[in-house]
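Here the protein sequences come in this chain order: A and B.
If you count by our numbering, then the first sequence holds residues 3 to 228, one letter each, in order.
If you count by our numbering, then the second sequence holds residues 173 to 390, one letter each, in order.
Just so you know, even glycine gets a beta-carbon here, dropped at the ideal spot from N, CA and C.
Model, not experiment: these values are computed from the prediction.
For reference, the structure discussed in these notes is given below.
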Amino acid sequence: MIEVSFTQRYPKIKIEVSLSLQRGFNFILGPSGCGKTTVIKTVSGLLKPDEGLVKCCDEVFLDTRKDIFLPPQRRRIGVVFQEHGLLPHLKVRENLSFAVGKVRQVRFRPEELLERFGLKGLENRYPDELSGGQKQRVAVVMALAFNPRALLMDEPFSSLDVDTKLEIIEFLKELELNIPVLVVSHDPVEALLLADRVFIMREGRIIRQGGKEVLGELLDKLYGGK
Amino acid sequence: MVEALFVSLKLSFATTFITLIIVFPLALALAYGSFKGKLILEALLTLPLLLPPTVLGFYLILAFSPNSPVGGLLEELFGTTPLFNFWGLLLGSVIYSLPFGAFPIRDALRSVDRRYIYTSYLFGYSKLETLFRVIIPNAKEGIITAAALVFAHTMGEFGVVLMVGGNIPGETRTLSVYVYDEVQALNYSQAYRASLTLLAVSVLSLSLILLLRRRVRR
């Protein structure tokens with residue numbers, strides 16, 4: 003479990019978030035600019051917020067009061083960015099080797115993940131020789147091969163067509179990940195398909211949280227239900 | 173002429189090598205650092221672009237003359253000052269080439285997508301490992317461009333070279349100074365041959381560098 007509580011002030015918005023990420027799929031839903039990505043950056047260590055506390059199990063990642071800040075290199079958190087993050091100068095195989103280069107123990111072998119995600123045969127291609135969906139799948143495989151303590155995904159499906167999106171969601175469900183997975187999205191349908199817990203975020207704050215029932219209201223608004 | 177060509181080539185290769193070593197950390201600091209004096213550093217590096225080469229050469233003569241504190245110290249330590257010898261030529265060329273090396277590298281480093289750097293950090297790689305495994309491979313085109321600019325610029329350099337190096341055959345007389353001498357002596361056929369050689373060497377070196385840049389684009 004990851005406990006996150008932080009404040010980050012930007013010129014136009016103050017982000018004040020407190021949430022705990024349990025094992026399974028946690029979704030943060032909210033419009034662009036509401037502070038979703040800041041949560042990912044804070045948990046992964048890419049951002050040191052103004053104030054806050056981030057704990058992963060018993061390990062303190064961040065405690066601004068005690069001036070503790072663990073850099074991303076020491077957190078072992080997998081992150082999948084919106085527009086992948088594959089290293090363009092490396093082939094798929096080399097990207098995977100890069101991802102596991104610092105890992106002592108792997109839960110999933112990279113070859114096994116490539117096969118499961120339908121990427122077999124693409125190992126010798128460079129990222130710019132892959133489709134958008136393939137790139138995103140490779141990014142997920144890299145993050146998982148890294149044996150992360152948690153997986154954070156920043157709008158991972160936003161640039162994908164529906165079929166590819168559903169395919170990746172199915173793969174993720176099948177894997178039975180035993181870690182907290184945080185997916186940041188603005189699409190309630192993605193949450194409906196995958197989420198165990200949902201956090202609704204508006205203007206820098208979590209305004210509602212709970213199980214999928216939280217989505218009911220949102221979907222009603224979107225699709226005109228009652 | 174062969175002697176002058178050899179001096180030009182020696183000077184260009186040495187200037188390129190030394191300039192890249194000096195400017196790389198500076199470009200890195202300019203691209204990613206936030207520190208006091210960043211603007212001043214940028215202005216200082218731009219200065220050789222704005223100053224006429226003869227003015228820059230004149231200041232170097234003043235700075236390294238045996239009567240100046242720096243020149244005096246160098247003479248005491250090494251028994252000579254970097255004036256009117258190959259080392260002076262090299263020093264002047266390196267100073268004059270700093271902006272041609274620093275700014276393309278700074279821009280290339282800046283253009284490396286942050287996501288790649290983040291990816292590297294998240295997978296556990298230190299800043300130094302990220303520099304060598306992610307940033308440099310993705311900025312290599314800019315680094316090669318900088319090398320090409322410094323090399324080509326030094327091959328054709330005239331003002332600083334003449335001021336700081338003088339015109340000693342086999343030691344400081346470069347091909348561009350040789351062309352100047354031959355024209356002054358109204359020896360146009362020699363000047364023509366030397367100019368053509370300079371042009372051919374420049375085109376050849378640039379073609380090689382552009383070819384290399386195309387090959388490393390991946």
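Residue(s) in a DSSP beta bridge with residue i
i	result
A:GLY35	Note: A:GLY35 sits in no beta bridge, so no partner.
A:LYS16	A:ARG11
B:SER374	Partner(s): none; B:SER374 has no beta bridge.
A:PHE201	A:ILE30, A:GLN211
A:SER22	A:GLU5
A:VAL140	A:VAL140 is not bridged to any residue.
A:CYS58	A:ILE4, A:GLU61
A:PHE71	A:LEU64
B:ASP353	Beta-bridge pairing links B:ASP353 to no other residue.
A:LEU153	A:GLY80, A:VAL183
A:GLU53	A:THR9
Proximity test, Cβ basis, 8 Å: residue i and chain B
i	result
A:GLN75	yes
A:LEU153	no
A:PHE83	yes
A:GLY26	no
A:PHE29	no
A:HIS188	no
A:PHE159	no
A:PRO112	no
A:PRO129	no
A:GLY103	yes
A:PRO51	no
A:PHE100	yes
A:ILE70	no
A:PHE63	no
A:ILE79	yes
A:PHE148	yes
A:ARG11	no
Cutoff 8 Å: residue i Cβ touching any chain A Cβ
i	result
B:VAL306	yes
B:SER298	yes
B:ASN310	yes
B:THR317	no
B:TYR231	no
B:THR218	no
B:PHE295	yes
Exposure label - residue i; buried when at least 16 CB within 10 Å
i	result
A:ILE17	buried
B:SER269	buried
A:LEU153	buried
A:ILE4	buried
A:LYS43	buried
A:PHE29	buried
A:GLN24	exposed
B:PHE304	exposed
A:ASP165	exposed
B:SER283	exposed
A:VAL200	buried
A:ARG77	buried
B:GLU175	exposed
B:VAL306	buried
A:VAL34	A quick correction: the sequence has Ser, not Val, at residue 34 of chain A. By the 10 Å Cβ count, A:SER34 comes out exposed.
A:LYS228	Model confidence at A:LYS228 stands at a pLDDT of 47, short of 50, so the residue's coordinates are unreliable; what they give is reported in the following sentence. When all chains shown are included, A:LYS228 counts as exposed.
B:ILE212	exposed
Residue i CB to nearest heavy atom of the ligand MN below 7 Å
i	result
B:THR326	As presented, the structure is devoid of all ligands, the ligand MN included, so that no description of it is given.
*asked:* For the pair the segment 115 to 132 of chain A and the segment 6 to 26 of chain A, tell me if three or more CB-CB distances fall below 8 Å.
replied: no
*Any 3 or more C-beta pairs closer than 8 Å across the segment 255 to 274 of chain B and the segment 325 to 337 of chain B*: yes
*Using Cβ-Cβ distances below 9 Å, what residues of the segment 197 to 222 of chain A are close to chain B?*
Along the segment 197 to 222 of chain A, none of the residues has a CB nearer than 9 Å to a CB of chain B.
*asked:* Short of 7 Å Cβ to Cβ, which residues in the segment 33 to 47 of chain A face chain B?
replied: SER46
*Determine, using beta-carbon pairs with one atom in the segment 365 to 381 of chain B and one in the segment 347 to 354 of chain B, whether at least three such pairs fall under 8 Å.*
yes
*Assess, as a yes-or-no matter, whether the segment 50 to 69 of chain A is touched by the segment 107 to 116 of chain A under the definition of 3 or more beta carbon pairs within less than 8 Å.*
no
*Taking Cβ-Cβ distances below 7 Å as the criterion, which residues of the segment 276 to 293 of chain B are in contact with chain A?*
ARG287, TYR288, TYR290, THR291, TYR293
*asked:* Using 8 Å as the cut-off, can you tell me whether the segment 223 to 233 of chain B makes contact with the segment 204 to 215 of chain A, which would need three or more C-beta pairs spanning the two stretches below that distance?
replied: Because the criterion of three Cβ pairs below 8 Å is not met, the segment 223 to 233 of chain B and the segment 204 to 215 of chain A do not touch.
*Could you tell me whether the segment 76 to 87 of chain A touches the segment 278 to 294 of chain B, where touching means 3 or more Cβ pairs closer than 8 Å?*
yes
_Residues, ordered as in the chain, of the segment 164 to 182 of chain A that lie near chain B by beta-carbon distance below 7 Å_ = none
*Say whether the segment 176 to 190 of chain A touches the segment 153 to 162 of chain A, bearing in mind that this needs 3 or more beta-carbon pairs closer than 8 Å, one atom from each stretch.*
Touching, per the Cβ criterion.
*Which of the residues in the segment 87 to 98 of chain A, read from start to end, lie with their CB under 7 Å from any CB of chain B?*
GLY87, LEU89, PRO90, HIS91
*With contact counted as at least three CB pairs below 8 Å, one residue from each stretch, are the segment 102 to 112 of chain A and the segment 128 to 142 of chain A in contact?*
As far as the Cβ criterion goes, the segment 102 to 112 of chain A does not touch the segment 128 to 142 of chain A, which means the pair count is below three.
*Indicate whether the contact test is met: 3 or more Cβ pairs, each with one atom in the segment 299 to 314 of chain B and one in the segment 86 to 101 of chain A, closer than 8 Å.*
yes
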